[in-house]
Structures are given as structure tokens and as C-alpha cells.
Amino acid sequence: GWFSRQEESGRRHGFLFWVDDLKDGTLVGEDALGNKYYENKQLLLGRDRWVIYHPRYGMDYDGSLVPAEWFGWLHHKTDKPPTEVAPTSYGWLSGHTENKTGTEEAYVPYSTTKPKIEAWVPPKRI
Numbered sequence: 001g002w003f004s005r006q007e008e009s010g011r012r013h014g015f016l017f018w019v020d021d022l023k024d025g026t027l028v029g030e031d032a033l034g035n036k037y038y039e040n041k042q043l044l045l046g047r048d049r050w051v052i053y054h055p056r057y058g059m060d061y062d063g064s065l066v067p068a069e070w071f072g073w074l075h076h077k078t079d080k081p082p083t084e085v086a087p088t089s090y091g092w093l094s095g096h097t098e099n100k101t102g103t104e105e106a107y108v109p110y111s112t113t114k115p116k117i118e119a120w121v122p123p124k125r126i
């Protein structure tokens, strides 16, 4: 089933997704990809923070869609979300990219060594 509740007066949101897990929590923030992050401090540690992926991903989402600054908050590496305390920025860091495994854009390394086994090529018929 699918259930969504949003209160106009506050920032409380309730969700029931295909995993049949009813979540009720407060919107903490949103990242550049459009993912929304929620918290409910009354739930058990480890289940009290979650992400709702942007609808454009549908059911085709994975953990690589969560940027590092939000990953740290989701996994209790920090108590303050990136909306309250900006993450440390280093010049050598590249921007966030999602995992492209299984797509046309997946990284495929190439080998510079000669293979030890060569494929058999059948002789041509005359």
C-alpha cells in the first residue's frame, strides 16, 4: 500500500511505502538531488533517520544517491544535519556521483597485459 500524510501547519510527514513500513517524522532537509531526509527521535536508534528518494527515481534507487554529508547524518556519524552545520569542503574533493554499475555509463577497466588464454577461432570453410 501507499500512504502519505502531510500536515499544513507543521513539518510532520507520514509515509507508508511498498515495504509496508509506516514512518512518521519531521522533515530535516533536502539535498541537491531532491532527496528528502526525515527524523523521528522517538524511534529506535538506527531506524530514527531515513531518506525519501526523489520521485524521478521511482523504484530504481540505491544508496549511492545519498551524498556523503547526508550519509554521515543518516548513519549517526554526526548529530547535526548538513542544513545546520556545513560539511568540510576540500579542493581535491570531486562532486557526488551515483553508482553507474549495470548501466551504459559503468566504469570498465581495460587490461594492458596480453591474456594468458586466447579464444579459439574456428577455421573458415572453403
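In the working numbering, the protein residues as written are 1 to 126.
Cβ coordinates follow ideal geometry from the N, Cα and C atoms, glycine included.
Sort out for me which residues DSSP pairs Glu30 with in a bridge.
-> Looking at the DSSP assignment, Glu30 forms a beta bridge with Lys36.
Specify the secondary structure class of Trp50 as computed by DSSP and reduced to three states.
-> Trp50 falls in the strand class under three-state DSSP.
Please classify Glu104: is it buried, with 16 or more other beta-carbons within 10 angstroms of its beta-carbon, or exposed?
-> When all chains shown are included, Glu104 counts as exposed.
Does the ligand NAP have a heavy atom nearer than 8 Å to the CB of His96?
-> As presented, the structure is devoid of all ligands, the ligand NAP included, so that no description of it is given.
Alpha-carbon spacing of Asp62 relative to Lys77, whole angstroms | Taking the straight line joining both Cα atoms gives about 20 Å.
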